[in-house]
Amino acid sequence: MDQGCSKLKKYTGRQRILTQLKFITILMCVLFQISFLNAGPLEAEIFTLTNQMREKAGLNPLQVNSHLMEVAKSQSSIMALEHTLSHSVKGDLVSRINRSRYSYRLIGENIAESSTPNVNVVQLWMTSDGHRENILNPTYKDIGIGIAVSSDGVTYYTQVFGSQ
Numbered sequence: 013m014d015q016g017c018s019k020l021k022k023y024t025g026r027q028r029i030l031t032q033l034k035f036i037t038i039l040m041c042v043l044f045q046i047s048f049l050n051a052g053p054l055e056a057e058i059f060t061l062t063n064q065m066r067e068k069a070g071l072n073p074l075q076v077n078s079h080l081m082e083v084a085k086s087q088s089s090i091m092a093l094e095h096t097l098s099h100s101v102k103g104d105l106v107s108r109i110n111r112s113r114y115s116y117r118l119i120g121e122n123i124a125e126s127s128t129p130n131v132n133v134v135q136l137w138m139t140s141d142g143h144r145e146n147i148l149n150p151t152y153k154d155i156g157i158g159i160a161v162s163s164d165g166v167t168y169y170t171q172v173f174g175s176q
């Protein structure tokens, strides 16, 4: 009986190491994607928290997409310049995505504003049915995240989701 238990412990130890290596590999890929796309630390944190929510729901992680990053950053910047929270400040999501040349089957967007920079925006989105549905939509494969601060200090957040 002891041999069986020790074999089980060895297998469990190997599995734990493989799981840790898988996590480290995924983390390195994520960090490379984020740094490659010049995301800030708050955008990176929102990306991580979003994928943690998906992982808890048993979903695959989203991948950073440069086109969607451009769309999200632009949307947040425009909202900050206009001092308004709107999905259609300078055109609707479809027109913004089409200009980015992201070929999509499905797209979605979450926006928010806050008087202080706050990564709890993901938790706020998770308490809203529509925003939560975007974060946990199993069809989405890609994400872009943009954050901008207006002249009066309001932070605007955008998540753009897509699948090709």
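Position 94 of the sequence shown, counting from 1, maps to 106 under my numbering, and the rest follow consecutively.
Even glycine gets a Cβ: it sits at the ideal position worked out from N, Cα and C.
- Query: Counting pairs of Cβ atoms below 8 Å between the stretch 134–145 and the stretch 112–119, do you hit three or more?
  - Reply: no
- Message: Using CA atoms only, rank isn't needed, just tell me which of Thr62, Thr60, Arg66 and Ser98 is closest to Pro150.
- Response: Position 138 of the sequence shown, counting from 1, holds the residue named residue 150. The shortest C-alpha separation from Pro150 is found at Arg66.
- Item | Glu94 versus Gly158 - alpha carbon distance | On the sequence shown, residue 94 is found 82 positions in, with the first residue counted as 1. On the sequence shown, residue 158 is found 146 positions in, with the first residue counted as 1. Computed Cα separation, rounded: 16 Å.
- Message: The beta strand (DSSP E) that contains Ala92, what's its start and end?
- Response: The sequence position of residue 92 within the sequence shown is 80, counting from 1. Membership of Ala92 in any beta strand (DSSP E) is not indicated; the residue belongs instead to the alpha helix (DSSP H) covering Ser78 to Glu94.
- Message: Can you tell me which residues form a DSSP beta bridge with Val161?
- Response: The residue you call residue 161 lines up with position 149 of the sequence shown. Answer is Thr167, bridged to Val161.
- Message: Quick check on this structure: which residue in Asn110, Met138, Tyr152 and Val161 has the alpha carbon closest to the alpha carbon of Thr128?
- Response: Locating residue 128 in the sequence shown gives position 116, where the first residue counts as 1. It is Val161 whose Cα lies nearest to the Cα of Thr128.
- Go through its chain and collect everything with a Cβ distance to Lys102's Cβ below 6 Å, but skip five positions before and after it. Taking the sequence shown and counting its residues from 1, one reaches residue 102 at position 90. So the qualifying residues of the chain are Ile90.
- Is the CB-CB distance between Thr96 and Ser126 below 8 Å? Here residue 96 corresponds to residue number 84 of the sequence shown, with the count starting at 1. Here residue 126 corresponds to residue number 114 of the sequence shown, with the count starting at 1. Result no, Cβ atoms of Thr96 and Ser126 do not sit closer than 8 Å.
- To the nearest angstrom, how far is it from the Cα of Asn110 to the Cα of Asp104? Within the sequence shown, residue 110 is the residue found at index 98, counting from 1. Within the sequence shown, residue 104 is the residue found at index 92, counting from 1. About 10 Å.
- What three-state label does DSSP hand Phe173 in the structure shown? Start at 1 with the first residue of the sequence shown, and residue 173 comes out as number 161. Reduced to three states, the DSSP call for Phe173 is strand.
- Query: Quick one, are the C-beta atoms of Thr170 and Ile123 less than 8 Å apart?
  - Reply: As a working note, residue 170 is residue 158 in the sequence shown. As a working note, residue 123 is residue 111 in the sequence shown. Contact flag set, yes.
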